[in-house]
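Protein chains in written order, with the numbering used here: chain X, 1 to 270; chain B, 1001 to 1270. Here a beta-carbon is modelled for each residue, glycine too, at the ideal position from N, C-alpha and C.
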DNA sequence: TTTCTATTGTTACATATTGTTACAATAGTA
DNA sequence: TACTATTGTAACAATATGTAACAATAGAAA
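Structure, rendered in structure tokens:
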């Protein structure tokens, strides 16, 4: 019993040390944060990772701060990796939110209080923040969501079953989805939400989940194949009594000079 | 003579007071700036407004800082208005640049020195900055460019005759142009670069200047007219010996619920 | 084995969109 | 009145897209 309590005590110290490290003002650029809309596809629906803060009933997008000597995108990569357990994540910056309406210290006060943290010594967290928003596309099956030090929960939510979110996070999600839809035709985004090999039907389901519309099966297949970006592999025998579909993968694009896994957009921000 | 010197002295004090106001650290969000790529169309080519700093040989995009109690977009609107003399400018945020490579205090040191400003008391300007970049589309004929307090020159440059620019401003321009091209099909951007009434040929020239390609005259006309967004007005008799072209204007879009002049994108960042 | 069903890959054809050329209209000049 | 440069539009060809039909087939059921 003594041992167990001792371990719990050490654990508590460790967590506090972690918190202290994470919440020291001097290490970060003040008034600047990032937020991430992490999309996954479960085979049917598009989902988003949402954090729940301890005993507050507050829900939020996973976010973080930018180190004084750290590039913006390194900070985001690190933050999203910590929440998902994945590396080399497809990330795309889509907007920076700098409205005064964002300035509401009350939620953060509650979060600090419920985590037993002193408000005065963390007052910089109650200040105004401008946030750079990114969306991430990840393979749903590979992810092991982990809450951040101030949260006790992190979970997948479909777009139509989102909990009430803090501040302007609902609007951030809407803008993320809007951008994702605009980018869908321009880039090969589907690949980042699917396993390496997939059927034409699965690909179509991803497109339908993202756009919220349905496509004609025949036309979709023709268009995808004519784009000349898919490699056909062996059939997949599912054990069901019907014709087995081919598996496909995306061709590596020879005209795409970015590394295979990347933060998109090489235009100087990296 | 005494009077004249006195006036000059007062003027100097006034300018210094202005500078002091503009350069006081406490008034702004630290480490955060904005830059603007201001596009204009002179009838032939797409041009950009570029600042030249006093006696330094340094060229830069017009930019500024965000007040502690000011929304990001209000700051940008104000800044671009001050450089162009225009109000209600079409502005679009396209990317936030947060690379460590941006961190180079030397240019700012030279600028402060050449303006007779003390480096130690303005050291916050030598710090690292993350910048939110916007592009603006304006009617070339209406603008009266005005330099900012630290610059002695502001001028139009075509894309293929840009001077060597500070830091990563060249990359910011490239990304602005890329985004402008992507948005050209989605939105009615041409209208912001032309006078209210224009001919089909002028509209085509704007499109060609932006995309850097040429279009078939007949097809361009058909597509523009079929989009059902143009109003046809009287003919324009130029005095040249050939058929007079019709003048057109853009229809106000009834499905566009934004005010007629605006910062685009209502998604929470305003 | 044969028949049946659900699903898949492909083709066929109608319709819509785009690219290209041709031609008539016309404002001013010679 | 003829001529020139430019403009608006029609005509036709080439492509792309929407829709439906059909054949192939993996397993289940008979």
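Check	Outcome
Closest residue to residue 1133 of chain B among B/1063, B/1240, B/1112, B/1030 (Cα-Cα distance)	B/1063
Per-residue DSSP class, three states only, for residue 121 of chain X	helix
Per-residue contacts from residue 275 of chain X into chain B (C-beta, under 7 Å)	There is no way to answer for residue 275 of chain X, as the model of chain X reaches only from 1 to 270.
Nearest-angstrom Cβ-Cβ length linking residue 1197 of chain B and residue 1249 of chain B, presumed shorter than 8 Å	5 Å
Whole-number beta carbon distance between residue 1166 of chain B and residue 1107 of chain B, since they are thought to touch under 8 Å	5 Å
Rounded separation between residue 1212 of chain B and residue 1123 of chain B - CA only	42 Å
is_contact[residue 180 of chain X, chain B] using C-beta, thresh 9 Å	no
Run of the alpha helix (DSSP H) containing residue 206 of chain X, from where it starts to where it stops	200-211
Span separating the alpha-carbon of residue 44 of chain X from that of residue 83 of chain X	23 Å
Contact with chain B by residue 30 of chain X, beta-carbon distance below 9 Å	yes
Neighbourhood of residue 950 of chain B by C-beta distance below 7 Å, restricted to the same chain and skipping five residues each side	The shown model of chain B, from 1001 to 1270, leaves out residue 950 of chain B, and the question about it has no answer.
Those runs of the alpha helix (DSSP H) which lie wholly inside the stretch 1145-1231 of chain B and span at least 4 residues	1169-1186, 1200-1211, 1217-1226
Three-state secondary structure (DSSP) of residue 1234 of chain B	strand
Any 3 or more C-beta pairs closer than 8 Å across the stretch 41-60 of chain X and the stretch 144-160 of chain X	yes
Coarse secondary structure for residue 1141 of chain B, derived from DSSP in three states	helix
CB contact below 9 Å: residue 1100 of chain B versus chain X	yes
Under 7 Å from the C-beta of residue 71 of chain X: neighbouring residues of chain B	1098, 1099, 1100
Alpha carbon of residue 203 of chain X to alpha carbon of residue 194 of chain X, nearest angstrom	8 Å
CA-to-CA distance, residue 1098 of chain B to residue 3 of chain X, given in whole angstroms	Only weak support exists for where residue 3 of chain X lies, its pLDDT of 46 falling under 50; the value from the coordinates is given anyway. In a straight line, the C-alpha of residue 3 of chain X is about 47 Å away from that of residue 1098 of chain B.
Sheet register partners of residue 136 of chain X (DSSP bridge)	X/38, X/91
Three-state secondary structure (DSSP) of residue 52 of chain X	strand
Residue-chain proximity (residue 1251 of chain B, chain X), Cβ-Cβ < 9 Å	no
Residues, ordered as in the chain, of the stretch 123-142 of chain X that lie near chain B by beta-carbon distance below 8 Å	128, 130, 132
Per-residue burial, residue 1144 of chain B [other beta carbons within 10 Å of its own, 16 or more giving buried]	exposed
DSSP-derived helix/strand/coil call for residue 1002 of chain B	For residue 1002 of chain B, the predicted model reports a pLDDT of 46, less than 50, meaning its position is unreliable and no value from the coordinates is stated.
Limits of the beta strand (DSSP E) - the one that residue 247 of chain X falls within	246-250
Burial state of residue 218 of chain X, where buried means 16 or more other Cβ atoms lie within 10 Å	exposed
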